[in-house]
Amino acid sequence: MGESIMETNPLNLSFFWHMHQPDYRGSDGVMRMPWVFLHAIKDYYEMPWLLSEYPNLKATFNLSASLIEQLQLYREPLKFDYFLSLWMMPPSQLEESQREWVIKIITAMQFETMVRPIERYAQLYYHTSFSDDELIDLEVVFILAWCGNYLRLHNALVKALLLKGRGFDAEDKRGLLSTLGSFVQEILPFYASLQDKGVVSVSTTPYFHPILPVLLDMQNAKRANAATDLPEGAFPLYEDANEHVTRSIELYQKTFGCAPKGFWPAEGAVDEKSLRIYKNHAIKWIATDEAILYKSLQQETASLRYKPYIFDGVSIAFRDHGLSDLIGFEYRHRSGADASRHFMKELEQIAKTNLNPSVFVIVDGENAWEFYDNNGLDFFTSLYHELSLSSWCKTLTMDEVSLLGNQGTLENLAPGSWIHGTFDTWVGHREKNRAWELIFQTQRDVASATLSDEVREVINYHLLASECSDWFWWYGEDHNTDFAAEFDALFREHLIHIYTLLGQPIPQDLFIPIISKESQKPAWTKPTNTISPKVNGEKSTFFDWVGSGSVDEGKIFGAMDRVRGPIDTLYYGFDHNYLYIACEGNIRDVSDMKVEVLIDESKTTLSIEPYKINNRLEFSLPRSSFGKLKSVHLRFELISEGKTVQSLPGFGPLKIDMSEKFATDWYL
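Per numbering that gives the first Met the number 0, the very first residue in the sequence shown carries number 0; after that it's consecutive.
This is the structure in C-alpha cells:
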C-alpha cells in the first residue's frame, strides 16, 4: 500500500491518552490510597517517554486536575500518603488493622503480569500470614513490581534491588522511597518540556472530574436514556460546573505556564450547556465518543467519525470506539508484534475507504497496561516503530487537529458520555441516586447558612470534591473493586466535614454506608460443588448449575469500561468426566455463533459449536481434552460470521482446578 496511500489518501492519527486518578485526600489532606504514586512510577512518565523515543511521532495527554495536585504532594510522601507512611514503618510497629491494610493493598494485583515475573513476590503472594522479614520483602517487591520499564532501565537502585531479589531491610526501603519520590517530581516538568517541543499537547479536565452535564441539568440523564431514574430534589449547579472549569484552568496555568487549549470532559460527558462553558473559557477543542456523534447526526455510519466537527465555535473529536477498545482490552492477549500488525491493518482499511481521514484513538492511559506483559512495552515499541516508518500515516496532537480545515459542522450536540452514549454509569441506580440526593440536600443546607468567606471557601472545596464522578462509578452493580467501601467512605467524609464546618448536627444518613453487599459481590466466584447438567440443547434448570463458578463481565475491569460484547456472565463447573460452560447475554439475534477454546498449557485450540437456547450458550468438554492436566487456564473466543465478537473472561485466562475436592453441600 505504502506510497499510493501517501500520494492519494494520507491518514491523520491522533492518540489521546487520558491520565486520571480520583482525589484520594480525606478532610485532613492525606491520600487514603496510593494509586497516584503507583501509576506515577509505572505509567505517567513512561507513556510520554516511550513516545518521545520516536522523533516523528506525536500524541495528546490529558492530565486531570486531581491527578496534578496529588502528584505535587509527593514532595512529602510520608506526610501525604497514608499507605506509604505505613509501608515505611517497621512491621513490628504496625497495629493489626494497619498491617491488614498494607497487605490488602499489596495483594490487589494482576498476578500473571505483575506478580509472577518477580520470583519473591510470586512466592509470598498467596500466603495468609507473614513474618516481619517476609512482610518487608513483600513490601519492597510490591513497589518494584509497580516500577515501569523506564525505571528498570535507568534507575540504578531499582535495578540493584530487582537483582537482589529478597532479604530486604529498612535501608532498602528508605533508599527506594527517596529515589522514587524524586522521580515523581520529574513527571510534570517532562510533560511541559515535550509540549514546548511540540511532541505532545497536554489537555485537562474539570477540576474534580465531575459529570458536568448532569451538574448543569439532571434531566440530561433522561434525555440520553429515557429509562433512567433520576434522583429526588435535583436542581442545576451552574456555579459549581463553571468553577470546576475555572479552577482547572488556573491549576494548569500554574503548572505549565500557559492556558490549556483543550479539555477532555470527564468521561467524555458532553451537552450543549457544558460546551458553552468551555467556549466561554476560550477552550478551542474537546473530545468525546463516536456514540455522541451518531446521536447528534441521528445516523450511525462509521465514516462519519473520521473528521473533527465544529459546534458553536469549538472543535470536537469523536473517538473510534472499536480501535480504542482494541488497545484498551484486546491486544493484551496478543504478542506486541501481532497486535501492532493488526492495528496497522485496521488503519490501512480506514485509509482505503475514507477520504483523508482523521482517526481519534482515545484510551485510558494508565489502567490497561498492568494487563499487558511488560507493562505494554512490546506492543508500544512495535507499534511506534511501524508508525515512525509509515509514509501514509501522520500522527497529530489534538491542538493541531483543532486547526485542520474542512471540519464538519454540527447543528446540535446530543447529551451523553463515552459509555454507551448515556449517563447511566453515574445516575439511575438507587445507590448512585442516593449519593446525588445527599449532595443536593447538603447544597441546600449550605445555601441557607450564614458563613464567613474563609469557611465558605473550605466548604465549597468539599462540595466540589463530592461531585467527583469516581464516587458514582463504584456505586451500583456495574463496576467492582475491593476498595468500594473506602470510596464510599471518602465520598461521605466530604459531606460530613461540611456539616462540621457549618457547626450543625451531622445528618445520621451520612454515617450509613451507601454501597450494599450486593454491589460488592466479586466479579469472579469459584465453584462450590461439582455439577452435572444435561447439555443437549434443552433449557437448563436453576438446579442444574447450582454450585457452578461464574464470571460477571460487567464487573471485571474496575476503573475501565468498554463495549464488552454480547455476553454478560460466564458460568463453569465440572464433574469426573466433563467440564461444563454456559454463557448468558444478549445473543438471541446473533447468528452463526461458534466458540474457540484456547488452552494455555498445551497451546491448543478447540473449535466448538455450542447449543443456543434463547440468550444462553451451553457446551461441555470431555476432561480428556486436557490430557493429564488437572488444572488448566482457558480463554473463550466467541466467533460470529467469521469475526471474534468477544474474548472471555475479560480479565484473561480462567484458571480451573478440576482436582479440587468439595465438601458435601445440601440445598433446600
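Built from N, CA and C at the ideal position, the CB exists for glycine as well.
Check: Buried or exposed (CB count within 10 angstroms, at least 16 for buried), G261; Outcome: buried
Check: Residue range of the unbroken beta strand (DSSP E) whose run includes H17; Outcome: 10-18
Check: K41, buried or exposed, once every other Cβ within 10 Å from all chains shown has been counted against 16; Outcome: buried
Check: Cβ shell of K393 (< 8 Å), same chain only, five flanking positions each side left out; Outcome: P9, L10, N11, L12
Check: Bridge partner(s) assigned by DSSP for P621; Outcome: Y577
Check: Among V114, E94, A446, the one whose alpha carbon lies nearest that of D372; Outcome: V114
Check: Collapsed DSSP secondary structure at R333 in the structure displayed; Outcome: coil
Check: Touching by the beta-carbon criterion (3+ pairs, under 8 Å), the region 419-426 and the region 205-221; Outcome: yes
Check: Contact under 9 Å by Cβ, G375 with R318; Outcome: no
Check: Sequence-distant residues of the same chain with beta carbon closer than 6 Å to P90, five excluded per side; Outcome: D131, L134
Check: 7 Å Cβ shell around S51 - same chain, five flanking residues per side excluded; Outcome: L193, V198
Check: Residues bridged to A316 (per DSSP); Outcome: A286
Check: Strand pairing of K593, partner residues [DSSP]; Outcome: I638
Check: Segment limits, alpha helix (DSSP H) that includes I276; Outcome: 271-279
Check: C-alpha distance - L653 paired with Q109, whole-angstrom precision; Outcome: 13 Å
Check: Inter-residue Cα distance where the pair is N219 and R173; Outcome: 50 Å
Check: Cβ-based neighbour list, F359, same chain, cut-off 7 Å, excluding 5 preceding and 5 following; Outcome: S13, F15, A286, A316, F317, R318, D319
Check: beta-carbon S302 near the ligand HEM non-hydrogen atom, thresh 8 Å; Outcome: Judged by which ligands are present, the structure shown has none, so any question about the ligand HEM falls away.
Check: Segment contact, 8 Å Cβ cut-off, at least three pairs: the region 634-643 with the region 87-106; Outcome: no
Check: P209 - partner residues in DSSP beta bridges; Outcome: C467
Check: First and last residue of the uninterrupted beta strand (DSSP E) at D363; Outcome: 357-363
Check: Chain-order list of residues whose beta-carbon lies under 7 Å from that of Y237 (same chain, five-residue window excluded); Outcome: L215
Check: Sequence-distant residues of the same chain with beta carbon closer than 8 Å to I586, five excluded per side; Outcome: P565, I566, M592, K611, N614, R615, L616
Check: Supposed contact pair D168 and A464 - C-beta distance, whole angstroms, cut 8 Å; Outcome: At roughly 39 Å, the Cβ-Cβ gap does not stay under 8 Å, so A464 and D168 are not in contact.
Check: Backbone CA spacing between I248 and T643 [nearest angstrom]; Outcome: 43 Å
Check: Residues of its chain near N432, where Cβ-Cβ distance is below 8 Å and the 5 sequence neighbours each way are ignored; Outcome: D228, L229, P230, E231, V426
Check: 9 Å Cβ cutoff met for Y571 and L578; Outcome: yes
Check: Of the listed residues P47, P76, A58, nearest to V29 (C-alpha basis); Outcome: P76
Check: C-alpha distance - L62 paired with A367, whole-angstrom precision; Outcome: 16 Å
Check: Segment contact, 8 Å Cβ cut-off, at least three pairs: the region 170-186 with the region 440-448; Outcome: no
Check: Touching by the beta-carbon criterion (3+ pairs, under 8 Å), the region 399-415 and the region 265-272; Outcome: yes
Check: Cβ-Cβ distance between P532 and D543 below 9 Å; Outcome: yes
Check: Buried versus exposed call for S461 [16 or more other C-beta atoms within 10 Å across all chains shown]; Outcome: As written in the sequence, residue 461 is His, which differs from the Ser given in the question. Result: buried.
Check: Alpha-carbon to alpha-carbon, T352 and F625; Outcome: 44 Å
Check: Span of the alpha helix (DSSP H), counted from its first residue to its last, around G668; Outcome: There is simply no residue 668 to check, as the chain begins at 0 and stops at 667 in what is shown.
Check: Exposed unless 16 or more other CB atoms sit within 10 angstroms - verdict on F234; Outcome: exposed
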